[in-house]
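First the structure, in the form of structure tokens, and then the observations on it.
Protein chains: 2
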Amino acid sequence: MTYDAATPVRELWELFEARTWEAAGRRLADDFVCEWPQTGERFCGRDNFLAMNQAHPAPNWHIVVRRLIASGTQAAAEVIVTTDEAVDVCLGFYEVRDGQISHGVEYWTEHANQPTPSWRAEWTERMV
Amino acid sequence: MTYDAATPVRELWELFEARTWEAAGRRLADDFVCEWPQTGERFCGRDNFLAMNQAHPAPNWHIVVRRLIASGTQAAAEVIVTTDEAVDVCLGFYEVRDGQISHGVEYWTEHANQPTPSWRAEWTERMV
């Protein structure tokens, strides 16, 4: 059977969406580490990462995995997290070991629909 | 020969770094489209995308492709763009057709080293 790094990543996000935290945790290695380079934060251990996600203050969040690309032990995901206030996006790069996610690097941003900066306005158009 | 979507994506960024714009352009399809969901911008056509990149005002930028994951016609990249002022990051998801990149979705953010928000401070530590 071909090893598929996409599976635990997809399941992790889907089980977060279902708020089934124990099942989500089984997709993470005990010693899972997740890095958030934007803020310089590192979550060490499955339990810390799950506790943080359970405590997330965003109101009424819902998750859709939009893109998932996997090769060997690596996977990359574009995940849309819609809340009552915003459309957030997680860009995640993961390592999978023995069917569980052992390492993650996650970047968070949002759809802000800001105006186009003037320096590039002549080459761009608005998305529909 | 196995088709490798990683190659034109890696080369595009490396040729941007080398400021060899014409060679970089050969990695893009004529009708290449790139979407920037954060600002709702869309660059239509290779020429617009190249012109915008050539005009980018960031001072003294340098590019390193940190991660690149490809499968079939898709590739995802984590690209570090260091300037005199900041460490920017591009998270890009690409489609490749006939050896050229036909579509991109790029998110841009930066390493800000912000303080940890209080709601999650008990589960995280600082990256070294």
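These protein sequence lines map, in sequence, to chains A and B. In the working numbering, each residue carries its 1-based index in the first sequence increased by 763. In the working numbering, each residue carries its 1-based index in the second sequence increased by 763. Heads up, the beta-carbon is just placed ideally off N, CA and C, and yes, glycines get one too.
What does residue i reach in chain B if we use C-beta pairs closer than 9 Å?
i                      : result
residue 842 of chain A : Result: empty, since nearest Cβ-Cβ is about 11 Å, beyond 9 Å.
residue 772 of chain A : Ordered by position in chain B, no residue passes the 9 Å Cβ test against residue 772 of chain A, which lies about 11 Å from the chain.
Report the neighbours of residue i on chain A: residues whose CB is nearer than 7 Å to its CB, in chain order.
i                      : result
residue 879 of chain B : 802, 804
residue 886 of chain B : 806, 811, 814, 815
residue 839 of chain B : 832, 839
residue 791 of chain B : Under the 7 Å cutoff, chain A gives no residues; its nearest Cβ is about 14 Å from residue 791 of chain B.
residue 827 of chain B : Result: empty, since nearest Cβ-Cβ is about 13 Å, beyond 7 Å.
residue 798 of chain B : 890
Can you pull the chain A residues whose beta carbon is under 9 Å from the beta carbon of residue i, in chain order?
i                      : result
residue 882 of chain B : 815, 818, 819, 820
residue 859 of chain B : Those do not exist, as residue 859 of chain B stays about 12 Å from chain A at its closest Cβ, beyond 9 Å.
For residue i, count the other beta carbons within 10 Å of its own beta carbon; 16 or more makes it buried, fewer makes it exposed. Which is it?
i                      : result
residue 804 of chain A : buried
residue 771 of chain B : buried
residue 809 of chain A : buried
residue 816 of chain A : buried
residue 821 of chain B : exposed
residue 889 of chain B : exposed
residue 835 of chain B : exposed
Taking the alpha-carbon positions, what's the residue i to residue j distance?
i                      : j                      : result
residue 877 of chain A : residue 861 of chain A : 42 Å
residue 802 of chain A : residue 796 of chain A : 15 Å
residue 784 of chain B : residue 811 of chain A : 46 Å
residue 818 of chain B : residue 780 of chain B : 14 Å
residue 833 of chain B : residue 792 of chain B : 18 Å
residue 767 of chain A : residue 778 of chain A : 18 Å
residue 828 of chain A : residue 871 of chain A : 14 Å
residue 840 of chain B : residue 856 of chain B : 7 Å
residue 874 of chain B : residue 844 of chain B : 10 Å
residue 880 of chain A : residue 887 of chain A : 10 Å
residue 823 of chain A : residue 869 of chain A : 21 Å
residue 883 of chain A : residue 800 of chain B : 15 Å
residue 798 of chain A : residue 850 of chain A : 21 Å
residue 867 of chain B : residue 773 of chain A : 22 Å
residue 885 of chain B : residue 891 of chain A : 41 Å
residue 794 of chain B : residue 806 of chain B : 10 Å
Nearest by alpha-carbon distance to residue i: which of the options is it?
i                      : options                    : result
residue 787 of chain B : B:847, B:888, B:813        : B:813
residue 893 of chain A : A:852, A:886, A:848, A:823 : It is not possible to answer for residue 893 of chain A, since the shown part of chain A is limited to 764 through 891.
residue 769 of chain B : B:858, B:806, B:844, B:848 : B:858
residue 826 of chain B : B:886, B:800, B:794, B:847 : B:847
residue 837 of chain A : B:831, B:835, B:836        : B:831
Rounded to the nearest angstrom, how far is the Cβ of residue i from that of residue j, given a contact under 8 Å?
i                      : j                      : result
residue 854 of chain B : residue 854 of chain A : 4 Å
residue 782 of chain B : residue 864 of chain B : Contact flag wrong, Cβ pair sits at about 19 Å.
Starting from residue i, find everything on chain B with Cβ-Cβ shorter than 8 Å and list it in chain order.
i                      : result
residue 889 of chain A : 803, 804, 805
residue 856 of chain A : 830, 832, 839, 841
For a contact meaning CB atoms closer than 8 Å, what does residue i contact in chain A?
i                      : result
residue 876 of chain B : 802, 803
If the cut is a Cβ gap below 7 Å, which residues of chain B does residue i touch?
i                      : result
residue 785 of chain A : Per Cβ cutoff of 7 Å: no residues; residue 785 of chain A is ~17 Å from chain B at best.
residue 872 of chain A : 801, 870, 872
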